[in-house]
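Numbering-wise, the sequence shown is residues 589 to 1089 according to my numbering. These notes are about the structure you will find just below.
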Amino acid sequence: MAIDYSKWDKIELSDDSDVEVHPNVDKKSFIKWKQQSIHEKRDKRNQDIKNLETQVSMYAALNKRVDKLLSNVSTEDLTERAKISKYLNANFDKTEKQVGEAVDPNIPTYNEMVEDLFEQLENDAKKEGKDPKDGEVIKSLCLKHRAKIDSVTVEANEKLKELYIEKSKLISSEDMHTGFNSSFLNKSKGNDGKDEVSEKLNAIADKNAVSSSAVEKLPILKPQLEFIDYKDDVMKLAPETEKFGRMSAGGYKASEEYLLKHMPIISEQQKDALIMKAFDYLSEDNEKMAYQVVHQSELLSYLREIYNLKKIPFLNIDEMKSCIEMFFKRVIYNTQNAQGRNSFLESVKTKFEHIKNRVQIMNEEQIQEGEGVETIQLKSLDDSTELEINLPDFNSTDPEEIRRVEVFNKLPVNMQDAIKTKNLDKINDVLSETPIDVAESYLDLFNEADIIGVRALLENEDEFKHLKDEYNKNQDDLEHLSIDEKSTKNNEPVSTADLVD
C-alpha cells in the first residue's frame, strides 16, 4: 500500500535538511531564523484567538445584563445608580467576572462594569449639553453604545473565523499525537513489512488530517447555520420562531424535535423578540397565548445559557444538538428528580407575572395620560380669525337673552365656569376630559345659545379703513335701495323728509 503524501502538506517545516539558501547565508542560521519566525507567528495567532474569545465572551455577558436592565427597569430609574445596582445584584451573580489567561485578575465584576457604563453615559450626556438625569436621554445613549458593541462583536467574530481557518491550515506540535512508540516494526512475512509500515503511517496522517481540518468543517463557514439575528429590527420574529411560539407549552417532545431541526432560532435576539409577543397578547387579553410564548422563550433562554458556557461564538451544530438533548433529558424528562423541571416552570411563571404586571401598569399610565382617547378641541382653522366667547346677559329681560341663559344652564357646572372665564384653553381642558359623545352634546348647546363666535383679525389700520369704507358703501346702497323701493311702491317722488326718515 502506497503512502498518501498529500496528507502531510499541512506540516510547516522549519529545519528541513534539504532547504536551499544563498551561498553567502549560513544554512544553520537561516533554519534557526525560520523556526523562530514560525513559532512567533503561531504564538501571536494563539494569543489573538484567546484575546478575541475573551472579548466576545465578555461583551455577551455585559449585553445580557444591559438588555435585561432596559427591558425590566423603568426609564426614570435608569438615572438612579442605587436602583441599577440593586437590580443587577438581585438578578445576576455579583461576583461573576471575566477570567482567563489574557484577563487581568483585578478586573471589575460584570455588574460593576455595567454600573460604570451608566455613570459614563451621564458624563456623555453632560458633554452633549443634555440633562444627565433624564431617563430617556440615558436610555437613548445606552442603545447607541449597545449598537457599537454589536458592531465590534461582529468584527471580532469575523476575525476569529479567519484565525480559526488559518490555524487549521497548518499542523503544529499541539496537533500531533503518538501513533506508535516502538523502536522497530515487526515485518510481515512475504512483504518485508512494507504494508504494515504504510498502514501505520497513513493512520497517523489520517488522524492529523482530521484534527487539522476540523475547523474547516465548522458551521461558522456556512451562513445558513448562523444564528438568526435581525440587528436592524430587534423586535422582528423569524417565521420559524413565530411557529415555535405557537407550539403547546406542554408538548415538550414536539418542541425538542422542532429545535433540533431549527437551531438558528436559538439566538438572543429571537428569544427577546418572542417574549415581546407576550405584551401584544396581553394587550388583547389573551393570557393563554401570552403564557405560551413566555414558556417557549424561556426554553430558548435556558438553551442559550447552557450553550454559552461552552464559549463558542458561533453556531456549532454538534454542540447545540448536545445542549438541546441534555436539557430535555436532564431537566424536562427526568422522572427521578423533578426539581429541574419545577425550577424551569417557576421561572416561566415569574417572568409571565412580571410581564403581566408591566402591561397593567402601562395601561393605567395610558389611561391617566389620556393617550389614545379621542377628544374634541375648539380651534379656529383660519389664521385671519379667532374664536370668541359670547356670554348671555344673565340680568336681561330680553326674551332672546332669557332663552340663551336657559340653554347655558343646561351645561354642567365645570363647563359653565370655564365659559365664564372667556378663556378658550379652559374650555378645551374640560372638553379633553369629556367623552366624545357627551362633548358633542355640549357643542350643540354652544350653538343653540350662540356662545362661540368668530372674530376677524385685522393686520393693520389700512385694512380697517378699507373694511369701514366697504361697510359705509354697503349702508349707502341699502339706503338708496330702500328709497327707490318706497318711491316705486307709492308712485310718488322722493322728498327730503323721506331721506331724513
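We treat Cβ as the ideally placed atom computed from N, Cα and C, and that holds for glycine.
**Request:** Evaluate contact between the segment 698-713 and the segment 644-655, counting only Cβ atoms and requiring at least three cross-stretch pairs below 8 Å.
**Result:** yes
**Asked** When every heavy atom of the ligand MN is checked, does at least one fall within less than 7 Å of the C-beta of residue 982?
**Response** With respect to the ligand MN, the structure offers nothing, as it holds no ligand at all.
**Request:** Determine the DSSP secondary structure at residue 729, reduced to helix, strand or coil.
**Result:** Of the three classes helix, strand and coil, the one that applies to residue 729 here is helix, per DSSP.
**Prompt:** If we ignore side chains and look at the alpha-carbon of each, how far apart do residue 835 and residue 1027 end up?
**Reply:** 47 Å
**Request:** Classify residue 975 as helix, strand or coil using the three-state DSSP reduction.
**Result:** strand
**Message:** When you compare the segment 856-875 with the segment 911-919, are there three or more beta-carbon pairs, one atom per stretch, that lie closer than 8 Å?
**Reply:** The segment 856-875 makes no contact with the segment 911-919: fewer than 3 CB pairs, one atom from each, lie closer than 8 Å.
**Prompt:** Taking the C-alpha atoms as reference points, what is the distance between residue 1038 and residue 728?
**Reply:** Approximately 50 Å between the Cα atoms of the pair.
**Message:** Please state the DSSP three-state secondary structure of residue 928.
**Reply:** helix
**residue 839 to residue 909 span [Cα, whole Å]** = Those two C-alpha atoms are separated by around 19 Å.
**Request:** Just the C-alpha distance for residue 804 and residue 753, rounded to the nearest angstrom, thanks.
**Result:** Summary for residue 804: the model assigns pLDDT 37, below 50, so the residue's position carries little reliability; its value from the coordinates is reported in the next sentence. Whole-angstrom Cα-Cα distance: 6 Å.
**Request:** Determine which residues share a DSSP beta bridge with residue 1041 and list them.
**Result:** Looking at the DSSP assignment, residue 1041 forms a beta bridge with 976.
**Request:** With DSSP collapsed to three states, give me the class of residue 934.
**Result:** helix
**Asked** Alpha carbon to alpha carbon, what distance is there between residue 952 and residue 992?
**Response** 40 Å
**Asked** Ends of the alpha helix (DSSP H) at residue 858?
**Response** 856-871
**Asked** CB-CB under 8 Å to residue 673, same chain, minus the five flanking residues each way: which ones, in chain order?
**Response** 699 and 703
**Rounded C-alpha distance that separates residue 678 from residue 657** = 11 Å
**Message:** Measuring straight from C-alpha to C-alpha, what distance separates residue 1048 and residue 1009?
**Reply:** Since pLDDT at residue 1048 reaches only 47, below the 50 mark, its modelled position is unreliable, and the value read off the structure follows with that caveat. Going from the Cα of residue 1048 to the Cα of residue 1009 covers about 28 Å.
**Message:** For residue 747 and residue 639, what's the separation of their Cα atoms in angstroms?
**Reply:** 11 Å
**Item:** Touching by the beta-carbon criterion (3+ pairs, under 8 Å), the segment 819-827 and the segment 859-867
**Value:** Of all C-beta pairs linking the segment 819-827 to the segment 859-867, three or more are shorter than 8 Å, placing the two stretches in contact.
**Request:** Rank 1032, 977 and 723 by C-alpha distance to the C-alpha of residue 999 and give the top, closest one.
**Result:** 1032
**Message:** Can you find the residues in the same chain that come closer than 6 Å, C-beta to C-beta, to residue 987, ignoring five residues on each side of it along the sequence?
**Reply:** Taken in chain order, the list of residues that qualify is empty.
**Message:** With a threshold of 7 Å on Cβ separation, who are the neighbours of residue 855 within its own chain once the five nearest residues in sequence on each side are excluded?
**Reply:** Residues of the same chain with a CB within less than 7 Å of the CB of residue 855, apart from the 5 flanking positions on each side, are 815, 816 and 817 in chain order.
**Request:** Taking the CB atoms as reference points, tell me whether residue 907 and residue 900 lie closer together than 8 Å.
**Result:** yes
**Request:** Throw me the rounded Cβ distance for the residue 964 and residue 1019 pair, which I believe falls under 8 Å.
**Result:** Between residue 964 and residue 1019 a beta carbon distance of about 5 Å is seen, short of the 8 Å cut, so the two are scored as contacting.
**Item:** residue 848 in three-state terms, based on DSSP
**Value:** helix
**Nearest-angstrom Cα separation, counted from residue 966 out to residue 1014** = About 11 Å.
**Item:** Boundaries of the alpha helix (DSSP H) in which residue 875 is found, first to last residue
**Value:** 875-896
**Item:** Distance, residue 689 Cα to residue 710 Cα
**Value:** 33 Å
**residue 1017: first and last residue of the uninterrupted alpha helix (DSSP H) it sits in** = 1012-1020
**Asked** Cβ of residue 822 within 8 Å of Cβ of residue 744?
**Response** no
**Request:** Counting only the same chain and skipping the five closest in sequence on each side, list residues whose C-beta sits under 6 Å from that of residue 1091.
**Result:** No statement about residue 1091 is possible, as the shown extent of the chain runs from 589 to 1089 and does not include it.
**Message:** Please report the distance separating the alpha-carbon of residue 1001 from that of residue 938.
**Reply:** 49 Å
**For residue 979 and residue 724, the rounded distance between their alpha carbons** = 45 Å
**Message:** Measuring straight from C-alpha to C-alpha, what distance separates residue 726 and residue 646?
**Reply:** Approximately 22 Å, taken between the alpha carbons.
**Request:** Identify, in the order they occur along the chain, each residue of the same chain with its Cβ nearer than 6 Å to the Cβ of residue 720, setting aside the five sequence neighbours on each side.
**Result:** Answer for residue 720: 710, 713 and 714, listed in chain order.
**Request:** List the whole-angstrom C-beta distance separating residue 636 from residue 751, where the pair is believed to meet the contact cut-off of C-beta under 8 Å.
**Result:** 6 Å
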